[in-house]
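Trainee: Top line first, the protein sequences correspond to chains A and B. In terms of the working numbering, the first sequence opens at residue 2 and continues consecutively. In terms of the working numbering, the second sequence opens at residue 2 and continues consecutively.
2 protein chains.
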Amino acid sequence: MANKLTIKDIAKLAGVSKASVSRVLNGYQHVRPELRARVQKVIDETGYERNTVARLLATDRSNVIGLLIPSGATAIFSDPYFARLIEGISRAANQYHLTLALFIFYSQEEGIESLQNIISDGFLDGLILSSDYKDDALFNRLADSQMRFVMIGRPPNNEHISFSDVDNFNGGKIAAEHLIQQGYQRIGIITANHNLAAEDRYWGYRRALDSHSIPFDENLCAAGDFSQQSGAIAMAQLLPYRPDAVFVTSDMMASGALQTLKQHDVRVPDDVALMGFDDLPPALQTDPLLTTIHQPIDESGSRAVKALKQLIDNPQQEPIQTILPTRLIVRESA
Amino acid sequence: MANKLTIKDIAKLAGVSKASVSRVLNGYQHVRPELRARVQKVIDETGYERNTVARLLATDRSNVIGLLIPSGATAIFSDPYFARLIEGISRAANQYHLTLALFIFYSQEEGIESLQNIISDGFLDGLILSSDYKDDALFNRLADSQMRFVMIGRPPNNEHISFSDVDNFNGGKIAAEHLIQQGYQRIGIITANHNLAAEDRYWGYRRALDSHSIPFDENLCAAGDFSQQSGAIAMAQLLPYRPDAVFVTSDMMASGALQTLKQHDVRVPDDVALMGFDDLPPALQTDPLLTTIHQPIDESGSRAVKALKQLIDNPQQEPIQTILPTRLIVRESA
DNA sequence: GACAGTATAGAAACCGGTTTCAAAAAATCA
DNA sequence: TGATTTTTTGAAACCGGTTTCTATACTGTC
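Right under this line is the structure:
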């Protein structure tokens, strides 16, 4: 097995200089077609492949971007949200000829340490950070660094940070308004702690109540952690206060809530109406099917890649902030 | 913000040559303690960090390993198996000071193309391939390349390939024997198509039947794809043939099978006994709790990393093949 | 036909490390 | 004490590309 060919070998074989080979490789102008063809022929015949590391050292570009998910494996792998997100990001990365590397952390400390390595290694052209948390040390670390990055979800303070988010506030508002229009009055909510998206949805819900002069009842408000089980528990907390409808801030939790309602022989939507958020598989496996708010997760992911690509290509690029619309999907539960 | 420090800057600041700084950095012997201390002091004070790319170009070591999962996002994110596997690998990588990059593919073609890039990029010191499939183009591509790699699961032909697997054959045998010992006679099986692990479990089951002279009935054999739903469907296929026990080759499918049994008002284990495989969360959320076969997934992952580390450190290293034992966990369903 | 302007291509410098080589310094030995 | 070996160190080469600089060849213009 022959050793790896270098640009020098190609140059020698084609009877030109390294510089000319490089120019052909990078498609520069001012190369005589005859020479270009000759070099290209050698490249094709030998199957020469550029050494990316050497190229990176010279150009500072790797065409590799990273995706950071700090939520811990359990959360990631039990939540179809991430599957969809990663799929969207992965597809877009492919489209832009970027290689995607995923980094998953299991603890805050581990994450910070690894992030430090990732940043100083210099392999990555940029990062996408999927951070749900309101207060994220990773985010701060990243913001302080030189690394280009785009957030999935709104950053805690959004000045001068690129991000791609969906309109959670409006989604929450639409959800609550739908319930109000159906005539429900005691509308509860199951939200999630420490999560900015869930919080935005919550305030949308509050706004809707307000603008229809429906008083907010704290007893009709519970919080989970986006897991199915936490949805079931939260619903059990709400039940004694007799809501006639509940807006659950994720489909996953909504399917848990539904289980609780079934156990208590509460009919949905006749006794209690239920709304989810996400429009992901769990919503389609329940009985009755969940009425929910659709959020374009995959597009949010691909927009993030697009933004990152722009940041990489143009150092002067101002922060790019995207907020995608959410919309009502009426099925059976409300 | 000052520009990044290079080894040259450090050399100048410490009044020594680049070579000496490099020697200190790499902990070589033959460096006078006085000089070592002086250089170290400058490094500490300035917070100098080596440029990994330059180092990689010179040494051909990145300390980054990749994990390839070709199964497609949906499968990955709905199966707790992968969560556990990735966790094990991630922990071990950390332990060996390796950075882990995850690569997930959505189609065979995409995977092959990306793999080609990954291999020729030269960023990675090695790869871990989690391939369930019996016939995997990715595997062949990888085997043909120069890239060091370790498989999770037994490769199609295991000569001269490093892998880390669990003893699926024996696990299947133990499962069937447990059922036989409980006095069951019409023992069905739900296996999975195109999957080597499931196949090994199947042959273990066959062996157990054979050695107890229980005839194998093809009608009591169905196949799924490891998803919960496929387990439910497979069980529905089996039911008309009246098995008195069923060995399901994954907990996920077993929980689906359980749903079907419940729908048909079949009592478990009184009417039909049920066994799973994996000993993962699904087994603990069912009613009745699943009797199952435990496989040490996380350890299998960490062993793979350990093996890869050895392959990286020692070019002469012979293939390392690990097979970890599986064991019976008796709960309620059988 | 002289002159300016533009295309083309090679030589050499550079990216930031590691490693080889050779010289200088220190230690060991007779 | 002088010869010999071993440590210690810096200079220079190298990893495999890209890019700047410069020289030459080719255009077109008057």
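Glycine included, C-beta positions come from ideal geometry on N, C-alpha and C. Please read all numbers here as calculations on a predicted model, not as lab measurements.
With DSSP as the reference, label THR60(A) as helix, strand or coil.
Mentor: helix
Trainee: Could you tell me which of ARG268(A), ILE215(A), SER251(A) sits nearest to LEU240(A), measuring between CA atoms?
Mentor: ARG268(A)
Trainee: Would GLU300(B) count as contacting chain A if we go by Cβ distances under 8 Å?
Mentor: no
Trainee: Find out if the Cβ-Cβ distance for the pair ASN64(A), LEU99(A) is shorter than 8 Å.
Mentor: yes
Trainee: How many Å lie between ILE120(B) and PRO282(B) at the Cα?
Mentor: Their Cα atoms are separated by approximately 35 Å.
Trainee: Output yes if chain A places a C-beta closer than 8 Å to the C-beta of ALA3(B); else output no.
Mentor: Confidence is the limiting factor: at ALA3(B) the pLDDT is only 46, short of 50, which leaves the residue's position unreliable and the question unanswerable from this model.
Trainee: Alpha carbon to alpha carbon, what distance is there between LEU259(B) and ALA193(B)?
Mentor: 17 Å
Trainee: Which bits of chain A does THR53(B) rub up against, with CB to CB less than 8 Å?
Mentor: SER121, ASP122, GLY123, PHE124
Trainee: Can you list, in chain order, the stretches of the beta strand (DSSP E) that have 3 or more residues and sit fully within the segment 251 to 298 of chain B?
Mentor: 274 to 276, 293 to 295
Trainee: Can you tell me where the alpha helix (DSSP H) with MET236(A) in it begins and where it stops?
Mentor: 229 to 239
Trainee: Using a Cβ cut-off of 8 Å (strictly closer), state whether ILE87(B) contacts chain A.
Mentor: yes
Trainee: Quick one: residues in its chain with C-beta nearer than 7 Å to the C-beta of ALA305(B), no 5 flanking neighbours on either side, listed in chain order?
Mentor: ILE90, ILE129, VAL151, ILE153, SER165
Trainee: Just checking my contact of ILE191(B) with VAL247(B) at CB under 8 Å: how many whole Å lie between their CB atoms?
Mentor: Right, their Cβ atoms sit about 6 Å apart.
Trainee: Identify, in the order they occur along the chain, each residue of the same chain with its Cβ nearer than 6 Å to the Cβ of ILE330(A), setting aside the five sequence neighbours on each side.
Mentor: ASP280, THR293, HIS295
Trainee: Name the two residues that bound the continuous alpha helix (DSSP H) containing ALA223(B).
Mentor: Run containing ALA223(B): none in the alpha helix (DSSP H); it sits in the beta strand (DSSP E), 222 to 225.
Trainee: Can you list the residues of chain A that ALA255(B) reaches, using a CB-CB cut of under 8 Å?
Mentor: Listed by position along chain A, the residues whose Cβ is nearer than 8 Å to that of ALA255(B) form an empty set, because the closest Cβ is around 18 Å away.
Trainee: Which two residues bound the contiguous alpha helix (DSSP H) that contains ALA93(A)?
Mentor: 81 to 96
Trainee: Using the Cα positions of GLY184(B) and PRO71(B), report the straight-line distance between them to the nearest angstrom.
Mentor: 41 Å
Trainee: Where LEU101(A) and ARG187(B) are concerned, what is the direct C-alpha to C-alpha distance, given to the nearest angstrom?
Mentor: About 49 Å.
Trainee: On the criterion of 16 or more Cβ atoms from any shown chain inside 10 Å, does ALA176(B) qualify as buried, or is it exposed?
Mentor: buried
Trainee: What residue does the alpha helix (DSSP H) around PHE170(B) start on, and which one ends it?
Mentor: Residues 169 to 182.
Trainee: Expressed to the nearest angstrom, what Euclidean distance is found between the alpha-carbon atoms of GLN30(A) and GLN317(B)?
Mentor: 46 Å
Trainee: State the DSSP-derived secondary structure class of ASP166(B), mapped to helix, strand or coil.
Mentor: Of the three classes helix, strand and coil, the one that applies to ASP166(B) here is strand, per DSSP.
Trainee: Using a Cβ-Cβ distance under 8 Å, would ASN95(A) count as near chain B?
Mentor: yes
Trainee: Which residues bound the alpha helix (DSSP H) around VAL43(A)?
Mentor: 34 to 47
Trainee: Going by the CB atoms, is the gap between ARG92(A) and SER303(A) shorter than 8 Å?
Mentor: yes
Trainee: Using the rule of at least 16 other Cβ atoms within 10 Å of the residue's Cβ for burial, across every protein chain shown, is ARG62(A) buried or exposed?
Mentor: exposed
Trainee: Just verifying my parser: in three-state terms, what is the DSSP assignment at THR7(A)?
Mentor: coil
Trainee: Under 9 Å Cβ-Cβ, which residues of chain B neighbour PHE278(A)?
Mentor: Simply none; closest approach about 19 Å.
Trainee: Looking at chain A, is there any beta carbon in it that lies within less than 8 Å of the beta carbon of TYR49(B)?
Mentor: no
Trainee: Taking ASN141(A) as the reference, give the member of PRO157(A), ASP126(A), TYR206(A) with the closest Cα.
Mentor: PRO157(A)
Trainee: Are ASP201(B) and GLY173(B) touching if we call contact CB-CB under 8 Å?
Mentor: yes
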